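Asks: Counting from 1, one number per residue, gives the positions in the sequence shown under UniProt numbering. Structure below; questions to follow.
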Amino acid sequence: MSAGIDVPELRVHDVTVRFAGLTALDGVSFTVAPGSIHALVGPNGAGKSTTFNVLSGVYRVASGSVRFGDAELTALAPHRIAALGIARTFQNIVLTRGTVADNLMLGRHTLTRAGFLTSALRLPHVRGEQRAHRERVREIADFTGLGARFDTPVSLLSYGERKRVELARALCMEPKLLLLDEPVAGLNTAERAAMARTVASVRDALGLSVLIVEHDMGLVMRMSDEVTVLDFGRRISGGTPQQVQRDPAVIAAYLGGATDAPVGEETR
Ligand SMILES: Nc1ncnc2c1ncn2[C@@H]1O[C@H](COP(=O)(O)OP(=O)(O)O)[C@@H](O)[C@H]1O
Ligand SMILES: [Mg+2]
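Structure, rendered in structure tokens:
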């Protein structure tokens with residue numbers, strides 16, 4: 001894994017998102033520093049997944065801006081945002097088909113100059129290109145602990161391994177910013193710790209930025225450089241893990257939402 005990519009800052013400024021009568025995000029601002037691991041936390045329904053959907057171009061803002069370096073993202077289609085180097089994983093896993101290698105090569109296709117049509121024609125330069133992609137994909141599989149599973153159908157993998165395939169597939173896009181929506185939800189304690197280590201080593205090796213939605217507060221506090229806290233669509237706190245942990249507003253939000261225990265098994 002090679003480092004040294006040029007990673008821009010992500011600036012979310014005064015973003016509001018509405019769904020028929022409901023304000024899902026209400027003037028939210030925060031900045032993800034280049035190369036940092038930034039956690040987005042808050043009780044269920046706080047607006048975390050909505051934020052990810054804005055950043056990846058799935059939801060449109062009512063107002064506000066999202067800048068990734070010089071690029072304004074709020075008007076861009078998802079594939080244009082992906083092409084700028086923003087890759088995401090989803091809260092609910094959808095991987096069911098193909099081998100690990102197949103799924104990772106799919107993550108590669110935004111980078112494949114030749115595309116699927118010409119690769120079907122098996123032109124010599126395309127074969128060379130495909131080989132280079134496959135080597136890189138193999139390297140990413142090894143790095144994310146999937147090397148031994150490279151040719152295994154994903155249907156035979158454990159839930160924890162599929163979560164890793166999701167991460168690896170996002171990395172295959174060679175992102176500058178990685179958006180991880182609850183990457184350890186549903187994993188056991190040992191798997192959680194291992195995933196956290198993998199995310200940290202990916203950041204260290206590649207120098208990319210990571211924005212992570214996570215309910216496991218212990219894990220968030222250990223792994224993040226900075227934390228933004230949302231509650232009912234508003235940013236109620238932000239700063240280092242230590243600052244946020246002591247903030248009375250955060251404590252109140254989590255106690256107030258005691259029925260939404262911060263363990264994470266929501267549906268969106
Ligand atoms: N596509 C949508 N249509 C209508 N309401 C939505 C949609 N997406 C999210 N919401 C609502 O916006 C609020 C924030 O949801 P979400 O961002 O999923 O919260 P979180 O990920 O923090 O649990 C919730 O009230 C949710 O029901
Ligand atoms: Mg969510």
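All C-beta atoms, glycine included, are put in the ideal place defined by N, C-alpha and C. For clarity, every value in this text was computed on a predicted model and none was experimentally measured.
What ranges does the alpha helix (DSSP H) occupy inside the stretch 213-239, keeping only unbroken runs of at least 4 residues that lie completely in it?
Replies: The stretch 213-239 contains these whole alpha helix (DSSP H) runs: 217-223.
Asks: Exposed or buried, which one is H38 when buried takes at least 16 other CB atoms within 10 Å?
Replies: With 16 or more other Cβ atoms within 10 Å, it is buried.
Asks: Is it buried or exposed, R192, if we count other Cβ atoms within 10 angstroms and call 16 or more buried?
Replies: So R192 counts as buried.
Asks: Expressed to the nearest angstrom, what Euclidean distance is found between the alpha-carbon atoms of A101 and G160?
Replies: Spanning the two alpha carbons is a distance of roughly 17 Å.
Asks: By Cβ distance below 6 Å, which residues in the same chain neighbour L73 in space, the five residues on each side in sequence not counted?
Replies: Result list for L73: V66 and I81, in chain order.
Asks: Please list, in chain order, all residues of the same chain as T99 whose beta carbon is under 8 Å from its beta carbon, the five residues on each side excluded.
Replies: Cβ within range, chain order: F150, D151, T152, P153 and V154.
Asks: So, are the CB atoms of L76 and G57 less than 8 Å apart?
Replies: In contact: L76 and G57 (Cβ atoms closer than 8 Å).
Asks: Should L156 go down as buried or exposed, given a rule of 16 or more other Cβ atoms within 10 Å for buried?
Replies: It is exposed - the Cβ of L156 has fewer than 16 other Cβ atoms within 10 Å.
Asks: Run through DSSP, which three-state label would E72 get?
Replies: If DSSP states are grouped into helix, strand and coil, E72 belongs with the strands.
Asks: Do K48 and ligand 2 come close, with the Cβ less than 7 Å from some heavy atom?
Replies: Result yes, Cβ under 7 Å from ligand 2.
Asks: When the Cα atoms are used, what is the spatial distance from V220 to H133?
Replies: Cα-Cα distance, rounded: 33 Å.
Asks: For D216, which option in A200, Q242 and T189 has the closest C-alpha, if you only look at C-alpha atoms?
Replies: Out of A200, Q242 and T189, T189 has the C-alpha closest to the C-alpha of D216.
Asks: Under 7 Å: does the beta carbon of L104 sit that close to some heavy atom of ligand 1?
Replies: L104: no, Cβ never under 7 Å from ligand 1.
Asks: Check T31 in the structure and name its three-state DSSP category.
Replies: Strand, per DSSP.
Asks: Per DSSP, what kind of secondary structure is E9 in: helix, strand or coil?
Replies: Coil.
Asks: Of all the options L40, T50 and P175, which has the alpha carbon lying nearest to the alpha carbon of I212?
Replies: For I212, the nearest C-alpha among the options comes from L40.
Asks: Roughly how many angstroms lie between the CA atoms of L180 and V199, to the nearest whole one?
Replies: The straight-line gap from Cα to Cα measures roughly 10 Å.
Asks: Could you spell out where the alpha helix (DSSP H) holding V41 opens and where it closes?
Replies: Taken as a continuous stretch (DSSP letters only), V41 belongs to no alpha helix (DSSP H), being part of the beta strand (DSSP E) at I37 to V41.
Asks: Which of helix, strand or coil does DSSP assign to R203?
Replies: R203 falls in the helix class under three-state DSSP.
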